[in-house]
Each structure stands twice: as structure tokens, then as C-alpha cells.
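Data first, discussion second: the structure below is written as C-alpha cells.
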Amino acid sequence: MIEIIALTLETLGTVLIAYTAIKVHERVRKEKKIDNTVIKEMVLEKTMGFLGIASILISYIMNVILTI
2 MIEIIALTLE TLGTVLIAYT AIKVHERVRK EKKIDNTVIK EMVLEKTMGF
52 LGIASILISY IMNVILTI
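In this text, residue positions in the sequence shown follow the numbering used here: the first is 2, and each later residue adds one.
Put into C-alpha cells, the structure is as follows:
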């Protein structure tokens with residue numbers, strides 16, 4: 002049981018960090034104080050961030066299933 006709690010906290014922390022990075026990129030993109038090349042790169046980073054979050058969540062579910 003304690004393993005699941007630890008895994009949950011670790012996953013939650015990782016997701017929160019990733020979400021924060023995505024939100025910062027979104028704010029900078031909306032302010033448009035940077036050139037189009039940087040904006041395009043940030044859109045790619047945002048997509049990769051969401052894929053990373055999905056991977057973390059899938060891994061979490063798999064670990065919980067294996068722990069039970």
C-alpha cells in the first residue's frame with residue numbers, strides 16, 4: 002500500500018511540473034514578444050509535453066496494476 006502512495010505522489014509531482022512548463026510556454030506564446038520560429042518551437046514543445054504527461058499517466062496505471 003505504501004508503494005502505491007509513493008508512486009502516486011511521484012507521478013503527481015512529475016505531472017504538475019510538466020503542466021507548469023506547458024503553461025509558461027503558453028503564456029509566452031500568447032504575449033507574442035518573440036519571433037515566429039520560437040513560437041513554432043514552443044508549439045512543438047507543448048505537444049511533446051502533453052505526450053509526456055500521457056506517458057507518465059499510462060506508466061502510473063501500469064505500475065498500479067502490477068502492484069496490486
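Each residue gets a CB set at the ideal place from its N, CA and C atoms; glycine is no exception.
- Task: Within 10 angstroms of the Cβ of I23, are there 16 or more other Cβ atoms? Answer buried if so, exposed if not.
- Result: I23 counts as buried, since no fewer than 16 other beta carbons sit within 10 angstroms of its beta carbon.
- Query: Going along the chain, which residues of its own chain have a beta-carbon closer than 8 Å to the beta-carbon of V44, five neighbours each way excluded?
  - Reply: Within the same chain, V44 has close Cβ partners R30.
- Message: Quick check on DSSP: helix, strand or coil for I69?
- Response: Secondary structure of I69 (DSSP, three-state): coil.
- Item | Supposed close pair H26, E46 - CB separation, criterion 8 Å | Contact holds; Cβ gap of about 6 Å.
- Task: If I'm right that N64 touches L13 with Cβ under 8 Å, what's the distance once you round it to whole angstroms?
- Result: The beta carbons of N64 and L13 sit about 13 Å from each other, so the pair does not count as a contact at 8 Å.
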